[in-house]
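A.B. asks: Note that UniProt numbering gives residue 298 to position 298 of the sequence shown, counting from 1, and the numbers run on in steps of one.
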Amino acid sequence: MSLLRLTFLGTSAAQPTLHRGLSGLAVKAHADLLLFDCGEGSQRQMVRFGTGFTVDAAFFTHFHADHYLGIIGFLRTLGMTGRTEPMHLYGPPPARRLLHQAVHLGLESLAFPVEIHELKDGDVVRRNGYSVQAVGVDHRIHALGYVLAEDARPGRFHLEKARELGVPEGPAFGKLQKGEAVTLPDGRVVKPEDVLGEARAGRRLVISGDTRPCPALVQAAKDADLLVHESTFSDDEQTRAVETRHSTAREAAQVARDAGAKRLILTHLSSRHDTDPGRLLTQAREAFKGPVEVAFDGLTVELPLRD
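Dropping the structure here:
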């Protein structure tokens, strides 16, 4: 079964606390391991929580220090593992300048290539079996959210239809289930649509990054299986949230509600809510009636396939 599994590496806003590290999220997407942000200390969290270091690509939401400085040490650690495969780094401007500095900081050179890609709103990165789309959000500097969307899966295989058409059991069944046509011994061609039901939608994961609530994010999170949204502040810190271009827990929940997201996880908590995020959870649940929880470092979530 194709995996879509999240491990929260760091869930604190701006500065680390005793219980929470700086922003970082590892996502196992099919055969790939992706990072979304890589705050200072992320590589140690990857060791703690067992994600491994075989990262294929890293996506940065923006370039405030607490979201990207961890990539400097992580790249050097990868260099000591004997890695030779390219590493792809993605982010909004000034990704090329800042990540180039991160790659070349220090005297040692890396033994593997690093490809840096600047993204803008609407850009799509195609991967094997899924895509990652950039969404412009509302923060103090150029910032992006991301939508990880799986390709549609073939519909359910109708065994009796296949037998009626004379398809021999075995490898031919497997090909049809993968969406490939097969040629029978008598020369007839059986197409996947002859024996498969309607295609099944892939899963959708939406990551807000740092942002105020914004229409673009609501649109991006339509029918999302999971929305991971920052919730730096509580209701009584609303003025501060507006000033710093962050969101309250209630506002994050309103985004999830308006988007029709199936599930919400809150992250990027102010140190004020470090060990007691109950108030954030209560306020979010008042606005969003679906499942909602507050992330903690090491939280692992696996999204089930859609029917």
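We put the beta carbon where it would ideally sit given N, CA and C, even for glycine.
If you run the structure through DSSP and keep just helix, strand and coil, what is Met46?
C.D. replies: The answer is helix: DSSP assigns Met46 an H, G or I state.
A.B. asks: Just to check my reading of the structure: Val135 and Ala220 have Cβ atoms closer than 8 Å, yes? What is that Cβ distance to the nearest angstrom?
C.D. replies: 4 Å
A.B. asks: Tell me the rounded alpha-carbon separation between Leu75 and Ser12.
C.D. replies: 22 Å
A.B. asks: Where do the ends of the beta strand (DSSP E) carrying His104 lie?
C.D. replies: Unbroken run through His104 is the alpha helix (DSSP H), Ala95 to His104; no beta strand (DSSP E).
A.B. asks: Can you check whether the CB of Tyr146 is closer than 7 Å to the CB of His117?
C.D. replies: no
A.B. asks: DSSP state of Val206, grouped into three classes?
C.D. replies: strand
A.B. asks: Can you tell which of Ala287, Gly298, Arg306 and Arg240 has its C-alpha closest to the C-alpha of Gly6?
C.D. replies: Here the sequence assigns Leu to residue 6, which means Gly is not the residue at that position. Nearest C-alpha to Leu6: Gly298.
A.B. asks: Going by the CB atoms, is the gap between Leu4 and Ala29 shorter than 7 Å?
C.D. replies: Yes, the Cβ-Cβ distance between Ala29 and Leu4 is below 7 Å.
A.B. asks: Are any of the Cβ atoms in chain B nearer than 7 Å to that of Asp194?
C.D. replies: Considering every chain present, this structure includes no chain B. It has just one protein chain.
A.B. asks: From Gly209 to Gly170, what does the alpha carbon distance come to, in whole angstroms?
C.D. replies: Taking the straight line joining both Cα atoms gives about 46 Å.
A.B. asks: Give the range of the beta strand (DSSP E) segment to which Gln254 is assigned.
C.D. replies: Segment Ala249 to Ala259 is the alpha helix (DSSP H) holding Gln254; no beta strand (DSSP E) there.
A.B. asks: Go ahead and label Ile207 buried or exposed: buried means 16 or more other beta carbons lie within 10 angstroms of its beta carbon, across all protein chains shown.
C.D. replies: buried
A.B. asks: I'd like the list of long-range same chain contacts for Ile72, defined as Cβ closer than 7 Å, with 5 residues on each side in sequence excluded.
C.D. replies: Setting aside the 5 residues that flank it on each side, Ile72 is surrounded in the same chain by Ala102 and Leu105, each with a C-beta closer than 7 Å to its C-beta; the list follows chain order.
A.B. asks: Quick one: measure Cβ to Cβ for Asp276 and His19, integer angstroms, because I've assumed they're closer than 8 Å.
C.D. replies: Going by Cβ atoms, the distance from Asp276 to His19 rounds to 11 Å, so no, they are not a contact pair.
A.B. asks: Around the C-beta of residue 310, are 16 or more other C-beta atoms found within 10 angstroms, so that it is buried, or is it exposed?
C.D. replies: One cannot answer for residue 310 here, as it falls past the ends of the chain, which runs 1 to 307.
A.B. asks: Kindly list the residues whose CB is nearer than 6 Å to the CB of Thr17, restricted to its own chain and excluding five residues on each side of it in sequence; keep chain order.
C.D. replies: Ser271 and Asp274
A.B. asks: Examine the Cβ distances between the segment 111 to 130 and the segment 174 to 184 and report whether three or more of them are shorter than 8 Å.
C.D. replies: no
A.B. asks: With DSSP collapsed to three states, give me the class of Gly174.
C.D. replies: helix
A.B. asks: Give me the Cα-Cα distance between Leu98 and Phe157, rounded to the nearest whole angstrom.
C.D. replies: 49 Å
A.B. asks: In three-state DSSP terms, what is Ser271?
C.D. replies: helix
A.B. asks: Within this structure, are the beta carbons of Gly39 and Gly70 separated by less than 7 Å?
C.D. replies: yes
A.B. asks: Can you list, in chain order, the residues of its chain whose CB lies under 6 Å from that of His88, leaving out five sequence neighbours each side?
C.D. replies: Ala57 and Glu115, listed in sequence order.
A.B. asks: Under three-state DSSP, which class holds Val240?
C.D. replies: Strictly speaking, residue 240 in this sequence is Arg, with Val absent from that position. Looking at Arg240 - three-state DSSP - the assignment turns out to be helix.
A.B. asks: How about Gly290 and Arg263: do their beta carbons lie closer than 7 Å?
C.D. replies: yes
A.B. asks: Identify every residue that forms a DSSP beta bridge with Val292.
C.D. replies: Looking at the DSSP assignment, Val292 forms a beta bridge with Leu264.
A.B. asks: If I follow the unbroken alpha helix (DSSP H) through Thr77, where does it start and stop?
C.D. replies: Gly70 to Gly79
A.B. asks: If the criterion is Cβ atoms closer than 7 Å, does the pair Asp138 and Arg212 meet it?
C.D. replies: yes
A.B. asks: Verify whether the separation of the beta carbon atoms of Gly24 and Asp37 is less than 7 Å.
C.D. replies: yes
A.B. asks: Could you pull the start and end residues of the beta strand (DSSP E) that Thr61 belongs to?
C.D. replies: Element bounds for Thr61: n/a, residue is neither H nor E.
A.B. asks: In the DSSP output, what is Glu118 paired with across the bridge?
C.D. replies: Gly91
A.B. asks: Hey, how far is the Cα of Met80 from the Cα of Val255?
C.D. replies: 42 Å
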